[in-house]
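Number of protein chains: 2
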Amino acid sequence: MNETPDRLTIGALAAQSRLSRETIRYYERVGLIRPSARSEGGYRLYAPGAVDRLRFIRTLRELGFTLNEIDRLLGIVDRDAGRCADIGDFIRDKRAAVERQIERLTRLKELLLDLEARCPHVEALFACPIIDRLADERWMADAEEGERRD
Amino acid sequence: MNETPDRLTIGALAAQSRLSRETIRYYERVGLIRPSARSEGGYRLYAPGAVDRLRFIRTLRELGFTLNEIDRLLGIVDRDAGRCADIGDFIRDKRAAVERQIERLTRLKELLLDLEARCPHVEALFACPIIDRLADERWMADAEEGERRD
DNA sequence: ATAAACCTTGGAGCATGCTCCAAAGTCAAG
DNA sequence: CTTGACTTTGGAGCATGCTCCAAGGTTTAT
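Sequence order for the protein chains is A and B.
Under our numbering, the first sequence has 89 at position 89, and the numbering climbs by one with no breaks.
To convert, take the position in the second sequence, counting from 1, and add 1000; that gives our numbering.
Here's what the structure looks like:
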């Protein structure tokens, strides 16, 4: 009594989600996912929806979210009103952070495109003005409030 | 004989770069930055350009670059032909990764905006279709090549 | 009924990137 | 010339997110 189209073992889930078995078990330990059942012998069995859940987690990880932040968003997925405390603030802050990151990445992309165009001539690379000055306040993280100069 | 407008101590540099002294020393240990001089008593003294260098590093860190990747880009800054080996490939790959990340973040932003509009009514949140289905192939990391299903 | 392929738990180990500390020396202001 | 703020080195410790392993049980194909 085991794997069927709607009961994946951890290995099958790993293959479909492109995460390792170990990572899936690790995510279980920290509370991000649980098998929907166990076989008689104790094997974890997952519903097919677990594949989407893990891809959601993987995507957010690749975008720089911590497992803790992902857990908060999964609180919505799980309709867990408890984990949704202050979720509004969280979402607003995250959206703002994502917007800032998009802006910065866009400027970084331009720098990289500039560098790319100068390759493969190292001399030309060295002449890149942004790199040369290492200063472009439109791109770089700035001081923001709180900075005091002596 | 010490701090002047063009000879910052580590504390002043930390304040201006918004990194801690400890972090700056750590970056020195791993080769990202070096003081341009030392005082008689052994204090690190930095040229003002160090502020930009550290802001460059901080920005790239915040965008998800590893210290190792940052070191490669600093190889260009330092006109170090040695560290520039294969830099063209590196830049191309990075530019592509940055582009992909911008795309994904843009879609994520849309999800977050949707969720934000549904706040603060938890019921409405739970009704978010993307969250509900946890599937949006336009946004989610996908399988790509290499995935085999049994 | 046996082998190959899979799974279990528990715990150790590791890479990255900091962060903190103690004991001691340096510096600038009054 | 003392005091208090600052700095030094070296090393330990820590948070995150995996990753690997051993010893053993389960499944399934033959």
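Glycine residues also receive a C-beta, built at the ideal position from the N, C-alpha and C atoms.
Quantities reported herein were computed from a predicted structural model and do not represent experimental measurements.
- Against chain B, the CB of A81/A has a partner CB under 8 Å away; the residue lies at that interface.
- Residue contact with chain A for P1048/B: absent (no Cβ-Cβ distance below 8 Å to any residue of chain A).
- For the region 1076-1107 of chain B, the residues whose beta carbon sits under 8 Å from a beta carbon of chain A are, in order, I1076, V1077, R1079, A1081, C1084, I1087, G1088, I1091, R1092, K1094, R1095, V1098, E1099, Q1101, I1102, R1104, L1105, T1106.
- In the DSSP assignment, R1092/B falls within the unbroken alpha helix (DSSP H) covering 1087-1118.
- For the region 112-129 of chain A, the set of positions with a beta-carbon nearer than 8 Å to some beta-carbon of chain B reads L112, L113, L115, E116, C119, P120, V122, L125, F126, C128 in chain order.
- Per the coordinates, the alpha-carbon of L1032/B lies some 51 Å from the alpha-carbon of D6/A.
- Looking at the DSSP output, Y26/A shares a beta bridge with no other residue.
- The residue among L1045/B, P1129/B, G1088/B with its C-alpha nearest the C-alpha of P120/A is G1088/B.
- Within chain A, the residues placing a beta-carbon under 7 Å from that of G1064/B are G64, ordered along the chain.
- Contact of T9/A with chain B is not assigned, every C-beta pair being separated by 8 Å or more.
- When C-alpha distances from I91/A are compared across C128/A, R61/A, L108/A, E69/A, the shortest belongs to E69/A.
- For L1125/B, the enclosing alpha helix (DSSP H) begins and ends at 1122-1126.
- Any Cβ of chain B closer than 8 Å to the Cβ of T23/A would place that residue at the interface, and such an atom is absent.
- The Cβ neighbour count for V30/A, taken over all protein chains shown within 10 Å, is under 16; the residue is labelled exposed.
- The continuous alpha helix (DSSP H) containing P1129/B extends over residues 1129-1133.
- Annotated three-state conformation of R83/A is coil, per DSSP.
- Between the alpha carbons of E1123/B and A1097/B lies a distance of about 37 Å.
- Within chain A, the residues G49, D52, R53, F56, V77 have their CB atoms less than 8 Å from the CB of L1134/B, given in chain order.
- The beta carbon of I131/A falls within 8 Å of a beta carbon belonging to chain B, placing the residue at that interface.
- When DSSP states are grouped into helix, strand and coil, R1021/B belongs to the helix group.
- At least 8 Å separates the beta-carbon of Y1043/B from that of L1008/B.
- Take the alpha-carbon of P1048/B and the one of L1060/B: they are about 20 Å apart.
- With respect to the 8 Å criterion, R53/A and L1112/B are not classified as neighbours on the basis of their beta carbons.
- As the crow flies, the alpha-carbon of T23/A is around 52 Å from that of E1040/B.
- In its chain, beyond the 5 residues on either side, V51 have a beta carbon closer than 6 Å to the beta carbon of Q16/A.
- Shown here, L1032/B sits in coil according to DSSP, grouped into three states, outside any helix or strand.
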